[in-house]
Amino acid sequence: MPEYPTALGSATRDTITLLGHDLARDVMGEVGFGELAFWLATQRRPSKGETRVFEAVLAALADHGFTPTAITARLTYLSAPDSVQGALAAGLLGGGSRFLGVTEDCGRFLHEQLAGRRLPTDDDGWDALALEVVAARREAKRFVPGLGHHVHKDVDPRTPRLFQIAREEGLEGPHLRLFAAIGRVHPRVLGRTLPLNGAGVCGAALADLDLPLALLRGFALLARTAGLIGQLAEELRNPVANEIFLSVDLNNVPVPPSPHGGGNG
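For the sequence shown, position 8 (counting from the first letter as 1) is numbered 54 according to this note's numbering, and the numbering increases by one without interruption.
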């Protein structure tokens with residue numbers, strides 16, 4: 047018979063084991079969900095400081111108002127109230143390069159810039175590296191992932207708080223250090239000042255926790271799942287999805303076909 051090894055969950059007639067521990071006795075009521083999510087992903091139990099930073103990231107990404115992911119979940123629930131899982135899945139599928147995906151994009155970008163380099167030892171060194179990175183992106187006519195926000199034009203309120211928590215826990219690693227330096231020096235290259243996106247800082251913090259880069263968007267989606275449940279719960283109490291639907295349906299304007307995408311002109 048083939049064997050399928052796993053260090054995660056397994057069950058017998060009388061017990062359930064998770065990560066080598068008895069689920070009922072050692073995990074339930076003893077381990078918080080954020081700590082458990084970290085543990086499941088890394089198969090090592092996080093320290094208290096790591097758990098605090100990780101859970102701060104989850105809180106930062108849980109909800110950001112009527113974003114496309116939230117609206118999609120509400121509209122899907124309006125269309126199929128018998129399918130909560132469909133509404134949640136629809137919202138999660140909208141987590142891409144413009145919403146939520148910046149967490150992964152920024153973490154990966156910073157990791158790529160740090161790979162194979164001798165890390166600076168002071169702010170001047172980090173600033174010099176950041177200048178090199180930003181200048182290279184500008185020359186390539188590419189954006190720096192995590193730089194700028196469509197709503198928070200001056201400061202994303204999540205950003206300084208996440209840096210503070212990481213510093214308090216001694217977990218401000220090279221990804222956060224480089225991203226902070228990018229925040230300081232980019233005006234010299236771009237000629238304007240942009241805020242560090244909180245979701246981008248989340249990616250830097252997750253990378254500093256040595257979480258798998260391939261799963262960074264997964265952690266953002268884990269956080270947003272809680273937010274989408276909140277959106278659906280509020281939709282039950284105070285429905286707005288039908289109004290959103292009707293505002294589009296009743297205000298559409300017929301125009302001539304435009305097969306070449308030329309618009310109305």
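Quick reminder that beta carbons are idealized off the backbone N, C-alpha and C, glycines included.
Separation of residue j from residue i, as counted between CA atoms
i	j	result
Ser293	Ser125	16 angstroms
Phe291	Leu121	7 angstroms
Arg283	Leu138	22 angstroms
Leu278	Leu177	44 angstroms
Leu86	Asp72	15 angstroms
Ala227	Leu259	21 angstroms
Trp107	Ala269	Here residue 107 turns out to be Leu, not Trp, going by the sequence shown. Cα to Cα, the separation comes out at about 6 angstroms.
Pro173	Leu274	Looking at the sequence itself, residue 173 is Asp, so the reference to Pro does not match. Answer to the nearest angstrom: the Cα atoms are 38 angstroms apart.
Gly153	Arg183	16 angstroms
Thr88	Leu261	11 angstroms
Gly311	Phe155	For Gly311, the pLDDT reaches just 48, beneath the cut-off of 50, and the residue's location in the model is therefore unreliable, although a value from the coordinates is still provided. Computed Cα separation, rounded: 40 angstroms.
His232	Tyr123	42 angstroms
Asp168	Pro51	45 angstroms
Pro289	Val301	The sequence given here places Glu at residue 289; Pro does not occur at that position. One C-alpha to the other measures close to 24 angstroms.
Asp68	Met74	9 angstroms
Ala287	Gly216	44 angstroms
Asn298	Leu54	51 angstroms
Pro285	Ile117	12 angstroms
Leu255	Glu281	35 angstroms
Phe189	Val130	37 angstroms
Gly43	Gly141	Residue numbering for the chain in the displayed model covers 47 to 311; residue 43 lies beyond these limits and cannot be assessed.
Leu165	Pro220	8 angstroms
Pro48	Pro92	33 angstroms
Three-state secondary structure (DSSP) of residue i
i	result
His306	coil
His221	helix
Gly229	helix
Glu81	helix
Gly162	coil
Thr115	helix
His157	helix
Thr76	A quick correction: the sequence has Glu, not Thr, at residue 76. Residue state, collapsed to three classes: coil.
Lys199	coil
Lys187	coil
His277	Checking the sequence, you will find Gln at residue 277 rather than His. The answer is helix: DSSP assigns Gln277 an H, G or I state.
Val235	helix
Leu296	coil
Glu49	coil
Thr167	coil
Asp256	coil
Val180	helix
Arg91	coil
Val301	coil
The beta strand (DSSP E) enclosing residue i, as first and last residue numbers
i	result
Ser129	Ser129 -> no beta strand (DSSP E), and no H or E assigned at all.
DSSP beta-bridge partners of residue i
i	result
Ser56	Thr63
Leu242	Leu193
Asp68	Thr63
Leu146	Gly142
Continuous alpha helix (DSSP H) stretch holding residue i: start and end
i	result
Phe209	204 to 214
Val286	Premise fails: Val286 is in no alpha helix (DSSP H) and is neither H nor E.
Ala102	94 to 107
Whether or not the stretch 105 to 116 and the stretch 129 to 148 are in contact is what I'm after, with contact meaning three or more pairs of Cβ atoms, one per stretch, closer than 8 angstroms; do they touch?
yes
Are the stretch 205 to 214 and the stretch 237 to 251 touching, with three or more C-beta to C-beta distances below 8 angstroms?
yes
Count the CB pairs spanning the stretch 96 to 103 and the stretch 78 to 85 that are closer than 8 angstroms, and state whether there are at least three.
yes
Between the stretch 151 to 161 and the stretch 198 to 208, do three or more beta carbon pairs fall short of 8 angstroms?
no
Using 8 angstroms as the cut-off, can you tell me whether the stretch 231 to 246 makes contact with the stretch 194 to 203, which would need three or more C-beta pairs spanning the two stretches below that distance?
yes
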